[in-house]
Amino acid sequence: MKALTRHRRLAAIWSSRPGWRGWLSTVNHNDVGLMFLVTAFFYFLVGGILAMLIRAQLATPHSAFAGPEVYSQFFTMHGTIMMFLFAIPAIEGLAIYLLPKMLGTRDLAYPRLTAYGFWCYFFGGAMLLVALLFGIAPDGGWFMYPPLTGKIHSPGINTDFWLIGITFVEISAISAAVELTVSILKYRAPGMSLGRMPIFAWYILVTALMILTGFPPLILGSILLELERAFGLPFFQLELGGDSLLWQHLFWLFGHPEVYIIFLPAAGVISTILPVMASTTLLGYRWVVAAAVALAILSFGLWVHHMFTTGIPHMGLAFFSAASTLVAIPTAVQVFAWIGTMWKGTPRLHLPMLHILGFFATFVIGGLTGVMVAVVPFDWQVHDTAFVTAHLHYVLFGGFVFPILAAVYYWLPLVSGRKRYFRLGEVAFALIFTGFHATFLAMHWVGLMGQRRRISTYAPEDGWTAINLISSVGGFVLAFGLAMVLVEVVLHAVVRHHSARNPWRAGTLEWATTMPAPAYNFASLPHVDSREPLWDDPGLPVRLARGEGYLGDPASGRRETLMVDVATGVPEQHVVYPTNTHLPIVLAAVTGLFFLSILIKVFWLTPVAVAGVVALGWLWVWRLGSRNDLGEQPIGRDLRVPNIAESDRPPGWWGSAFLLVADGTLFGSLLFGYAFLWTVAPGWPPPAFANPSPFALVAASAGAALGIAGGVFSIRNNRDGKGPVPGLLMALGGMLGLGVALMVFLAGAPSPSSHAYGATLWVLGSYGLLHAVLAGLMLAFLLSRHRAGYISSRRRAELAIAPVWIGYACVTTALILLAAYLPGLAT
Amino acid sequence: MSVTTGIVLSGCAGPLSPLEPGGPAARSIATLWWVMLTASVAIFALVMVLVALAWRAAAKPAAQNGSEQVWIMGLGLAFPVAVLLSLLAYGLWLGERLLPRDGADAASVQAEARRWSWAFSYDDAPGRITEDVLHIPAGRPVDVAITTVDVIHSFWVPRLAGKLDAIPGHVNVLRIEADVPGTYAGLSSEFSGPGYDRHAFTVVAHGPDDWQAFLEGGE
Amino acid sequence: MTDLLRILVSPVAWLAAFSAVYGLHGVLCSMMLDATVFGMSRSRLVLALAFVVAVLLQAGLLAMLYSTRYGAAPGFARVVSRASGWTGLVATIWTLFPTLAVSTCP
Numbered sequence: 009m010k011a012l013t014r015h016r017r018l019a020a021i022w023s024s025r026p027g028w029r030g031w032l033s034t035v036n037h038n039d040v041g042l043m044f045l046v047t048a049f050f051y052f053l054v055g056g057i058l059a060m061l062i063r064a065q066l067a068t069p070h071s072a073f074a075g076p077e078v079y080s081q082f083f084t085m086h087g088t089i090m091m092f093l094f095a096i097p098a099i100e101g102l103a104i105y106l107l108p109k110m111l112g113t114r115d116l117a118y119p120r121l122t123a124y125g126f127w128c129y130f131f132g133g134a135m136l137l138v139a140l141l142f143g144i145a146p147d148g149g150w151f152m153y154p155p156l157t158g159k160i161h162s163p164g165i166n167t168d169f170w171l172i173g174i175t176f177v178e179i180s181a182i183s184a185a186v187e188l189t190v191s192i193l194k195y196r197a198p199g200m201s202l203g204r205m206p207i208f209a210w211y212i213l214v215t216a217l218m219i220l221t222g223f224p225p226l227i228l229g230s231i232l233l234e235l236e237r238a239f240g241l242p243f244f245q246l247e248l249g250g251d252s253l254l255w256q257h258l259f260w261l262f263g264h265p266e267v268y269i270i271f272l273p274a275a276g277v278i279s280t281i282l283p284v285m286a287s288t289t290l291l292g293y294r295w296v297v298a299a300a301v302a303l304a305i306l307s308f309g310l311w312v313h314h315m316f317t318t319g320i321p322h323m324g325l326a327f328f329s330a331a332s333t334l335v336a337i338p339t340a341v342q343v344f345a346w347i348g349t350m351w352k353g354t355p356r357l358h359l360p361m362l363h364i365l366g367f368f369a370t371f372v373i374g375g376l377t378g379v380m381v382a383v384v385p386f387d388w389q390v391h392d393t394a395f396v397t398a399h400l401h402y403v404l405f406g407g408f409v410f411p412i413l414a415a416v417y418y419w420l421p422l423v424s425g426r427k428r429y430f431r432l433g434e435v436a437f438a439l440i441f442t443g444f445h446a447t448f449l450a451m452h453w454v455g456l457m458g459q460r461r462r463i464s465t466y467a468p469e470d471g472w473t474a475i476n477l478i479s480s481v482g483g484f485v486l487a488f489g490l491a492m493v494l495v496e497v498v499l500h501a502v503v504r505h506h507s508a509r510n511p512w513r514a515g516t517l518e519w520a521t522t523m524p525a526p527a528y529n530f531a532s533l534p535h536v537d538s539r540e541p542l543w544d545d546p547g548l549p550v551r552l553a554r555g556e557g558y559l560g561d562p563a564s565g566r567r568e569t570l571m572v573d574v575a576t577g578v579p580e581q582h583v584v585y586p587t588n589t590h591l592p593i594v595l596a597a598v599t600g601l602f603f604l605s606i607l608i609k610v611f612w613l614t615p616v617a618v619a620g621v622v623a624l625g626w627l628w629v630w631r632l633g634s635r636n637d638l639g640e641q642p643i644g645r646d647l648r649v650p651n652i653a654e655s656d657r658p659p660g661w662w663g664s665a666f667l668l669v670a671d672g673t674l675f676g677s678l679l680f681g682y683a684f685l686w687t688v689a690p691g692w693p694p695p696a697f698a699n700p701s702p703f704a705l706v707a708a709s710a711g712a713a714l715g716i717a718g719g720v721f722s723i724r725n726n727r728d729g730k731g732p733v734p735g736l737l738m739a740l741g742g743m744l745g746l747g748v749a750l751m752v753f754l755a756g757a758p759s760p761s762s763h764a765y766g767a768t769l770w771v772l773g774s775y776g777l778l779h780a781v782l783a784g785l786m787l788a789f790l791l792s793r794h795r796a797g798y799i800s801s802r803r804r805a806e807l808a809i810a811p812v813w814i815g816y817a818c819v820t821t822a823l824i825l826l827a828a829y830l831p832g833l834a835t
Numbered sequence: 002m003s004v005t006t007g008i009v010l011s012g013c014a015g016p017l018s019p020l021e022p023g024g025p026a027a028r029s030i031a032t033l034w035w036v037m038l039t040a041s042v043a044i045f046a047l048v049m050v051l052v053a054l055a056w057r058a059a060a061k062p063a064a065q066n067g068s069e070q071v072w073i074m075g076l077g078l079a080f081p082v083a084v085l086l087s088l089l090a091y092g093l094w095l096g097e098r099l100l101p102r103d104g105a106d107a108a109s110v111q112a113e114a115r116r117w118s119w120a121f122s123y124d125d126a127p128g129r130i131t132e133d134v135l136h137i138p139a140g141r142p143v144d145v146a147i148t149t150v151d152v153i154h155s156f157w158v159p160r161l162a163g164k165l166d167a168i169p170g171h172v173n174v175l176r177i178e179a180d181v182p183g184t185y186a187g188l189s190s191e192f193s194g195p196g197y198d199r200h201a202f203t204v205v206a207h208g209p210d211d212w213q214a215f216l217e218g219g220e
Numbered sequence: 818m819t820d821l822l823r824i825l826v827s828p829v830a831w832l833a834a835f836s837a838v839y840g841l842h843g844v845l846c847s848m849m850l851d852a853t854v855f856g857m858s859r860s861r862l863v864l865a866l867a868f869v870v871a872v873l874l875q876a877g878l879l880a881m882l883y884s885t886r887y888g889a890a891p892g893f894a895r896v897v898s899r900a901s902g903w904t905g906l907v908a909t910i911w912t913l914f915p916t917l918a919v920s921t922c923p
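Residue numbers (our numbering), protein chains in the order written: chain F, 9 to 835; chain G, 2 to 220; chain P, 818 to 923.
Structure follows, in structure tokens:
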């Protein structure tokens with residue numbers, strides 16, 4: 009078969025439907041990645057316009073441009089949009105678009121989930137945009153501290169838009185994180201061991217794991233605050249045993265890792281581009297990986313440095329001050345590894361390199377001021393002033409926007425197959441660089457002169473007039489530079505100026521595709537022997553196009569790829585992907601209906617939406633699998649591996665495991681909140697404890713035993729040819745037992761609206777119940793799959809997933825009952 | 002040198018500037034800032050010079066330039082460890098000194114925040130409440146017990162000391178001290194809604210006689 | 818997977834110990850212990866013990882990563898996991914030494 013014929017046949021299999029309608033049903037990472045990026049940059053524009061409004065307001069004293077009510081919406085939405093609707097989705101989009109190409113494979117682990125995540129982001133972002141257009145946007149500051157954001161002080165719908173809209177958008181972050189983690193660990197080119205992974209994949213792996221453990225505290229906090237606002241369950245209200253500090257802990261437990269979730273992918277971009285710009289390899293690859301891991305984990309021990317002024321004892325502050333200085337060390341390791349890389353090679357001043365130099369100048373200053381605010385007494389002075397605002401912009405603009413602009417210019421030829429024609433980028437860079445530093449150096453200065461953040465105006469006597477004007481002028485110069493980048497990208501899309509393949513002479517696999525990259529990425533999958541396959545083997549792209557790699561035969565007409573061993577990259581399983589479908593957008597819309605029903609308080613709609621989500625979820629999983637045994641599949645190069653349906657660890661098992669990491673973090677945060685209120689909140693211990701019910705304890709123990717044993721039997725009996733039904737029924741009975749136990753527990757708990765104790769128990773019990781029902785639904789699904797003939801002693805993969813969820817439900821139920829009953833028994 | 006310092010300092014002066022300290026706490030923090038600024042400028046210059054020299058280093062043989070020993074172990078690990086450990090020790094030592102400890106001859110006052118005003122009361126003058134003006138003796142430490150009746154606020158007198166939050170249900174104690182009698186501007190520095198801009202107060206530090214007169218009922 | 822666990826174990830153990838000691842500090846403060854033992858307040862003694870336990874745990878993990886039985890095979894994973902092991906140990910000492918040196922609850 010000729011390369012061109014192969015290309016046509018693969019394109020027919022992998023392409024989305026033509027025209028804009030194709031966007032609604034595409035599940036291909038090439039499309040969805042770009043959809044994420046375009047939407048994210050749209051929000052960058054919106055957030056940027058808000059920034060300009062803020063600078064217009066502060067340019068002169070006694071400004072009458074916007075009143076404080078409107079101004080509060082400006083700065084709240086500026087922060088919210090830049091963090092949640094620009095930075096995180098841009099990272100997701102970049103990773104979704106690039107990773108399969110860099111890893112030498114054809115798509116991510118769960119193509120439909122990629123699309124579902126995008127549509128959740130799209131609809132959730134639209135909610136916030138609507139609020140902004142109608143002037144009812146959130147106005148409590150982007151970190152939403154109660155009691156200011158509680159029902160008493162913020163009775164309007166503004167706050168609900170934030171809590172519900174952002175939680176909806178976070179679904180996309182969690183699904184992208186699960187997807188990226190599993191894809192990096194299991195969906196790589198054969199031969200790509202952990203030590204041969206492109207450095208960008210390491211950074212994204214670390215970031216995805218951080219999203220799984222960093223976002224749940226925020227999601228939990230948002231749920232709790234919305235429960236307080238909508239249903240009167242007190243968690244943050246002092247009078248009823250709540251404590252507003254709990255929100256600050258939950259928010260910053262998310263908020264600090266968030267900074268590194270944004271920075272690490274950008275560092276991955278630099279670690280990828282900078283060596284290419286210097287025609288060399290990255291200095292100290294292994295040390296950089298270790299530094300990224302260290303940075304990721306250390307960043308979870310910093311959250312209290314946002315709370316240095318809340319009156320926590322000095323020893324508590326000292327732990328976090330120490331951790332906040334320590335985190336500068338892995339950062340320094342990376343910065344000096346990059347500079348060492350430049351010394352090792354011969355740096356060239358292409359446009360991406362200019363932005364990397366911009367990164368160095370800006371990010372190093374941001375890091376140094378970061379160390380300053382890590383020192384407790386200094387933070388007491390500058391906390392909540394413009395100094396901190398300036399610091400965080402140095403970190404985020406320096407550590408994220410400059411690298412992402414470098415990435416745009418570096419990978420644009422891959423997306424379009426063209427090179428730049430008009431040389432606007434160099435001028436744009438100069439404007440961005442000078443504008444940025446004028447704006448934010450001035451802001452440090454005015455902060456040191458006492459200007460608080462979030463004030464809508466000031467008096468001439470304060471002595472800040474000239475500095476603010478400099479800052480505003482700088483801001484508009486910066487905006488002009490960014491607008492030029494936008495113009496250049498648009499021109500790039502319009503003007504045909506063909507680029508040669510691999511224009512930067514890079515060594516990583518994304519440049520082995522044809523340009524622009526086709527929907528299937530590689531006509532056949534490469535075998536990888538080193539970290540820079542294209543440098544070792546310049547003929548690789550041609551041989552892949554000729555079908556000389558794995559899975560080069562498009563005869564089956566299916567979207568195929570391989571799963572590999574985590575450490576070594578040895579091929580293990582043969583994967584068939586689902587194709588174009590409207591399920592993701594429909595499921596996202598119905599999910600949105602659920603959030604909308606709570607937002608506008610039409611509660612009869614809520615159960616309808618939940619039922620819709622369950623039904624669509626059922627359909628979603630039902631469409632996979634096969635009714636015939638498949639046997640070992642030929643994958644080319646004389647190798648045969650089993651299909652995922654005939655394995656013990658299918659993709660769903662891996663996805664469940666990592667989703668449960670996030671779920672477990674949410675549960676852990678809930679237990680932390682319970683313990684925190686118990687020890688710190690003034691209104692504790694509560695007036696009445698829950699009565700321990702012996703029946704609930706017996707039912708839960710019996711349910712757990714049945715559930716776990718049933719899960720094990722279903723797998724074992726099925727393997728021995730006896731069928732899984734008895735085991736599944738037994739496990740179903742077990743989940744019923746757990747459910748009954750939790751309902752009895754909830755019935756015996758104090759009223760959820762009278763005290764934070766009752767409210768917390770209610771959330772704990774409902775959480776357990778939700779998981780028992782979820783595991784029960786999975787078992788019911790497996791029973792009907794078995795009846796429909798999708799499960800055989802070979803096709804056993806689906807059975808492996810339910811026991812993971814059963815085990816989780818059992819463990820959490822046990823912890824819930826312990827946490828609820830032990831204090832009552834002890835007193 | 003002193004002229005430059007003078008210009009820099011005057012550029013940072015102002016009624017709300019922590020860099021024009023009027024008391025021991027703010028002064029020691031201002032010193033901390035100048036130390037950190039100097040070190041930061043030096044470190045920033047070092048990094049930029051290293052980046053710039055990469056273009057000159059490119060002319061040399063590769064083996065001399067690309068050593069993990071120098072870049073990772075030396076500049077990446079040893080150098081920041083030394084700098085950061087000394088800074089951390091300095092910061093913690095200073096933090097300890099600024100805490101309100103027993104034993105000092107400190108006056109006690111209460112500051113109660115609400116949207117958008119402050120009410121101050123005095124242990125030495127029971128029943129006396131002043132709105133938006135806090136009276137303190139000059140040259141003597143004052144422990145301010147900070148509370149709120151509604152949302153979170155923060156008590157900040159930039160020229161005297163760092164800030165401390167007023168959190169519902171909690172009492173936080175901040176030690177402030179003014180060197181000489183005078184008036185010092187104070188701010189609430191945690192966003193609290195539409196009246197936040199004007200949520201400010203004044204601290205009046207009195208000499209011994211005036212302070213006695215204030216306690217006995219005069220202004 | 819085992820190699821990934823080797824890379825993650827020490828820093829994650831640091832995070833667990835760090836959070837636990839911070840939590841312990843909060844609990845001790847809410848209990849208002851003021852009796853002294855060996856010239857230290859009881860709460861500082863408990864915190865100092867927790868610090869020592871955390872350091873010993875990290876030292877144990879580091880020894881495991883250097884052992885032939887539990888450590889990674891030579892190459893990429895060995896270098897990275899040992900660097901992570903040192904990270905965990907240094908982070909434990911660096912972030913928890915305030916239990917010995919800084920004043921506790923007011």
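Think of the CB as a built atom: it goes at the ideal place given N, C-alpha and C, for glycine as much as any other residue.
Legend entry - Spatial distance of P:SER898 from P:TRP911 (CA atoms): For the purposes of this step, residue 898 of chain P is identified with residue 81 of the third sequence, where counting begins at 1. For the purposes of this step, residue 911 of chain P is identified with residue 94 of the third sequence, where counting begins at 1. Using only the alpha carbons, I get a separation of about 20 Å.
Legend entry - Interface positions of the segment 79-94 of chain G facing chain P (Cβ-Cβ less than 7 Å), listed along the chain: Considering only beta carbons, the part of the segment 79-94 of chain G lying closer than 7 Å to chain P consists of LEU93, in chain order.
Inset, instruction - Can you check the segment 635-711 of chain F for any alpha helix (DSSP H) of at least 4 residues that lies completely inside it and give the ranges in chain order? - result: Taking only runs of at least 4 residues, the alpha helix (DSSP H) segments lying wholly in the segment 635-711 of chain F are 659-688.
Legend entry - Partner residues on chain P for F:LEU334, Cβ-Cβ distance less than 7 Å: Here residue 334 of chain F corresponds to residue number 326 of the first sequence, with the count starting at 1. Residues of chain P with a Cβ closer than 7 Å to the Cβ of F:LEU334 are, in chain order, ALA908, TRP911, THR912.
Legend entry - Between the CA atoms of F:PHE131 and F:LEU591 - distance to the nearest angstrom: Position 583 of the first sequence, counted from the first residue, corresponds to residue 591 of chain F. Position 123 of the first sequence, counted from the first residue, corresponds to residue 131 of chain F. C-alpha separation (whole angstroms): 15 Å.
Legend entry - Supposed contact pair F:ALA209 and F:ILE192 - C-beta distance, whole angstroms, cut 8 Å: Here the question's residue 192 of chain F lines up with position 184 in the first sequence. Here the question's residue 209 of chain F lines up with position 201 in the first sequence. Your pair F:ILE192 and F:ALA209 checks out as a contact, with CB atoms roughly 5 Å apart and the cut at 8 Å.
Legend entry - Coil, strand or helix - F:GLU568 by DSSP: Numbered from its first residue, the first sequence carries residue 568 of chain F at position 560. Strand.
Legend entry - Top-ranked residue by Cα proximity to F:ILE227, from F:ASP671, F:PRO694, F:PRO732, F:GLY742: Taking the first sequence and counting its residues from 1, the one referred to as residue 227 of chain F is at position 219. F:ILE227 has its Cα closest to that of F:ASP671, out of F:ASP671, F:PRO694, F:PRO732, F:GLY742.
Legend entry - Whole alpha helix (DSSP H) elements within the segment 117-175 of chain F, 4-residue minimum: Runs found: 119-141.
Legend entry - Environment of G:TRP94 [buried if 16+ CB atoms lie within 10 Å]: Start at 1 with the first residue of the second sequence, and residue 94 of chain G comes out as number 93. Label assigned to G:TRP94: exposed.
Inset, instruction - Could you spell out where the alpha helix (DSSP H) holding P:VAL872 opens and where it closes? - result: As a first step, residue 872 of chain P must be located in the third sequence, where it is residue number 55. It spans 859-883 - the alpha helix (DSSP H) in which P:VAL872 sits, taken as one unbroken run.
Legend entry - Terminal residues of the alpha helix (DSSP H) in which G:HIS136 lies: Here residue 136 of chain G corresponds to residue number 135 of the second sequence, with the count starting at 1. Unbroken run through G:HIS136 is the beta strand (DSSP E), 134-138; no alpha helix (DSSP H).
Inset, instruction - Would you decide whether F:LEU830 is buried or exposed? Buried here means 16 or more other CB atoms lie within 10 Å of its CB. - result: The residue you call residue 830 of chain F lines up with position 822 of the first sequence. Counting C-beta atoms within 10 angstroms of its own C-beta, F:LEU830 has fewer than 16 neighbours from the protein chains shown and is therefore classed as exposed.
Legend entry - Residues near G:VAL143 in its chain [Cβ-Cβ closer than 8 Å; skip 5 each side]: Residue mapping note: residue 143 of chain G aligns to position 142 of the second sequence, counting from 1. Here the set comprises ALA107, ALA108, SER109, VAL110, ILE137, ARG176, ILE177, GLU178.
Inset, instruction - Counting only the same chain and skipping the five closest in sequence on each side, list residues whose C-beta sits under 6 Å from that of G:TRP117. - result: Numbered from 1 along the second sequence, position 116 holds the residue referred to as residue 117 of chain G. Result list for G:TRP117: GLY196, HIS200, in chain order.
Inset, instruction - State yes or no: is the C-beta of F:GLY489 within less than 9 Å of the C-beta of F:LEU449? - result: Your numbering for residue 489 of chain F matches position 481 in the first sequence. Your numbering for residue 449 of chain F matches position 441 in the first sequence. Not a contact, by the Cβ cut-off of 9 Å.
Legend entry - Residues of its chain near F:LEU111, where Cβ-Cβ distance is below 8 Å and the 5 sequence neighbours each way are ignored: Along the first sequence, read from residue 1 onward, the residue named residue 111 of chain F stands at position 103. Cβ contact annotation for F:LEU111 (same chain, cutoff 8 Å, sequence separation greater than five): SER191, ILE192, TYR195, ARG196, ALA197, MET200, MET205, PRO206, ALA209, LEU517, in chain order.
Inset, instruction - Taking all protein chains shown into account, decide if P:THR925 is buried (16 or more other Cβ within 10 angstroms of its Cβ) or exposed. - result: Nothing about residue 925 of chain P can be reported from this structure: the residues present for chain P run from 818 to 923 only.
Legend entry - Sub-9 Å separation of F:ALA520 and F:LEU18 beta-carbons: Taking the first residue of the first sequence as 1, we reach residue 520 of chain F at position 512. Taking the first residue of the first sequence as 1, we reach residue 18 of chain F at position 10. Not in contact: F:ALA520 and F:LEU18 (Cβ atoms no closer than 9 Å).
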